[in-house]
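Protein chains: 2
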Amino acid sequence: MTTPDSLDARAGATRQLARGDVPVLQRASLREQVRQALEEFIVFGRLAPGEHLAEESLAELLGVSRQPVREALQSLSAAGFVDLRAGRGAFVHEPTAREAREVFHVRALLESDSCRLAAQNIDDDGARRLEVIYAEGHEASQRHDDPRRLIELNRTFHRTMTEIGGNRVSIALVADLERRAGWYLATIITNRAPSSWAEHREILDAVVARDADRARDLMLNHIDHSRDLLEFTGQ
Amino acid sequence: MTTPDSLDARAGATRQLARGDVPVLQRASLREQVRQALEEFIVFGRLAPGEHLAEESLAELLGVSRQPVREALQSLSAAGFVDLRAGRGAFVHEPTAREAREVFHVRALLESDSCRLAAQNIDDDGARRLEVIYAEGHEASQRHDDPRRLIELNRTFHRTMTEIGGNRVSIALVADLERRAGWYLATIITNRAPSSWAEHREILDAVVARDADRARDLMLNHIDHSRDLLEFTGQ
DNA sequence: TTTCTCCATACTGTATGCAGTATGGATGAC
DNA sequence: GTCATCCATACTGCATACAGTATGGAGAAA
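For the record, the sequence lines run as chains A and B.
Per our numbering, the first sequence starts with residue 905, numbered consecutively.
Per our numbering, the second sequence starts with residue 905, numbered consecutively.
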């Protein structure tokens, strides 16, 4: 990812036949690839808050034309990663602690509700999936695996829980909020606490026991804990 | 709005100096104007669910080039009004009753929480603003004003309440959800009940009395009522 | 020195061009 | 009649072109 090398040599859209019986694998559009690349650049600090994102130079950097870059920037704007100033173009958004708190608050609302729903909907298959993720995450956190992987596992646990909740609108919103939250944590917080798999264990137990209210409350507290990490940074 | 007449004769962006001391009024970009126009066409049924939105013909209809149309379609896709199928282009989204229920559920979560926050934050100015809106809305609903206006006033009440709550992330999400909800009500429901200003009155009283929990619960029930309208349509 | 004006520069916003792909109907095989 | 194949058509996705605007600094005026 350090050498962007242009996004892809084979830019003329082709398809790949999957080995299994999954019918066809859609190659992502250029604008989607650009979007993901830019989001990574922003999240990992290679593009700093406030920085001006000139379409032409990004296009050159990524080996594409301005068009897909432009569309990617608009998408990132809707997701809160960049700001579009009329006539000035795109700038990396400068998150504030207030905004971070607000995102965590909304996330807590939506995820705790999804957790409540999950406790109502859970079936054996869902319970198994959660157990697998828990086992993996718990072990990885014990071993102090690479932080990138820990973040990924943590996110997988939350995402899966929300998916089991089953409200697709909520699922989509939470996915966005999680990505923003990850950025804030990486940007604002210097030293991130490892995600608490002890709390995940409690939540999981409540969900499997179909104790909806308890599951909801536990998830609420759980996310509030991560939000509390933000409080140290003031303003 | 029936004769799109091209969006604007003076397409070369110019600015207008406001009469008052509001400094400058930014003319919206073409893509934003197109976005709004298309959203109206969709919400008011001029573009029907499932319809293929070919960029060229829309561009011609609106008197602009494909480019701003394309960007507007992508924005509308993010907002849930159109679906983009890779290689096929944009189609007006076909809402389902399930999806509508989900939107109302999330809306209820976010707005009831904002209402709780509003009860904590409210000041004299906020209370005055709410009272004015209530008075206007109550009167209009008594008079059985034009439905379009009733919907507008209803939305204003909710938007103002959310704004007083003060969580900007929530404000932005709720604004999106309200627009979708409005579409669903117009599309799915044949006969929409007038918004209940009696319930608004109760909510407003609780907020002004700073009774946060009661305000929250009332708003939750209030939105559930409108959601219940959806239940008649099955699936 | 300070402030205003003007202009060169860089970049956005919109339009147009072009290559490649999805689709549906015509055609032919069975 | 049914099914597979092929091709014309329409439209997308990306690239490029062009016009117009925001900005910052040079130079003039005070």
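A virtual CB, placed ideally from N, CA and C, is assigned to each residue, including glycine.
Remember, it's a predicted structure, so these values are computed and weren't measured experimentally.
Reference residue i, options the options, closest by Cα
i, options, result
"Val-1036/B", "Leu-1108/B, Ala-958/B, Ser-1100/B", "Leu-1108/B"
"Gly-1069/B", "Leu-942/B, Leu-1021/B, Ala-1102/B", "Leu-1021/B"
"Ala-1119/B", "Leu-1013/B, Ala-1044/B, Arg-1047/B", "Leu-1013/B"
"Glu-943/A", "Asp-1080/A, Leu-1034/A, Gln-1046/A", "Asp-1080/A"
"Arg-1131/A", "Ala-1001/A, Ala-932/A, Ile-946/A", "Ala-1001/A"
"Asn-1058/B", "Gly-1041/B, Glu-1015/B, Leu-1122/B, Pro-999/B", "Gly-1041/B"
"Ala-1090/A", "His-1048/A, Leu-1122/A, Asn-1071/A, Val-947/A", "Val-947/A"
"Ile-1055/A", "Glu-1106/A, Ser-1016/A, Phe-945/A, Arg-1083/A", "Arg-1083/A"
"Thr-1064/A", "Ile-1026/A, Ala-932/A, Arg-1005/A", "Ile-1026/A"
"Asn-1071/B", "Asp-1049/B, Arg-1033/B, Ser-1018/B, Leu-1034/B", "Ser-1018/B"
"Pro-972/B", "Ala-932/B, Val-1078/B, Arg-1052/B, Leu-1124/B", "Ala-932/B"
"Arg-1033/B", "Val-1078/B, Arg-974/B, Thr-1060/B", "Thr-1060/B"
Sequence-distant residues of its chain with Cβ nearer than 8 angstroms to residue i (five each side left out)
i, result
"Ala-994/B", "His-956, Leu-957, Glu-959, Leu-977, Leu-980, Ser-981, Val-986, Asp-987, Leu-988"
"Glu-1067/B", "Ile-1075"
Sequence-distant residues of its chain with Cβ nearer than 7 angstroms to residue i (five each side left out)
i, result
"Arg-939/A", "Ala-976, Ser-979, Leu-980"
"Ala-1085/B", "Val-1007, Phe-1008, Arg-1011"
"His-997/A", "Pro-953, Gly-984, Phe-985, Val-986, Asp-987"
"Arg-970/A", "Glu-959, Glu-960, Ala-963"
"Ala-1031/A", "Val-1112"
"Ala-1023/B", "Ala-1110, Val-1111, Arg-1114, Asp-1115, Ala-1116, Ala-1119"
"Arg-1053/A", "Ala-1044"
"Glu-1106/B", "Leu-1122"
"Phe-945/B", "Leu-951"
"Asp-1050/A", "none"
Cβ-based burial, residue i [other Cβ within 10 Å; buried from 16]
i, result
"Ala-990/B", "exposed"
"Arg-950/A", "exposed"
"Ser-961/B", "exposed"
"Ala-1039/B", "exposed"
"Val-926/B", "Bear in mind that the predicted position of Val-926/B carries a pLDDT of just 34, short of 50, making it too unreliable to give a figure here."
"Glu-1043/A", "exposed"
"Arg-935/B", "buried"
"Leu-1122/A", "buried"
"Arg-974/B", "buried"
Residues that DSSP places opposite residue i in a beta bridge
i, result
"Ala-994/A", "Leu-957/A, Leu-988/A"
Own chain, CB closer than 6 angstroms to residue i, minus 5 neighbours either side, in chain order
i, result
"His-1126/B", "Glu-1103"
"Gln-1046/A", "none"
"Trp-845/A", "In the structure displayed, chain A extends from 905 to 1139; residue 845/A sits before or after that span and is not available."
"Ser-1016/A", "Arg-1120, Met-1123, Leu-1124"
Inter-residue CB distance, residue i and residue j (contact presumed, cutoff 8 angstroms)
i, j, result
"His-1062/A", "Ser-1100/A", "With 8 angstroms as the limit, His-1062/A and Ser-1100/A do not qualify as a contact, their Cβ atoms being about 12 angstroms apart."
"Glu-1003/B", "Val-1073/A", "7 angstroms"
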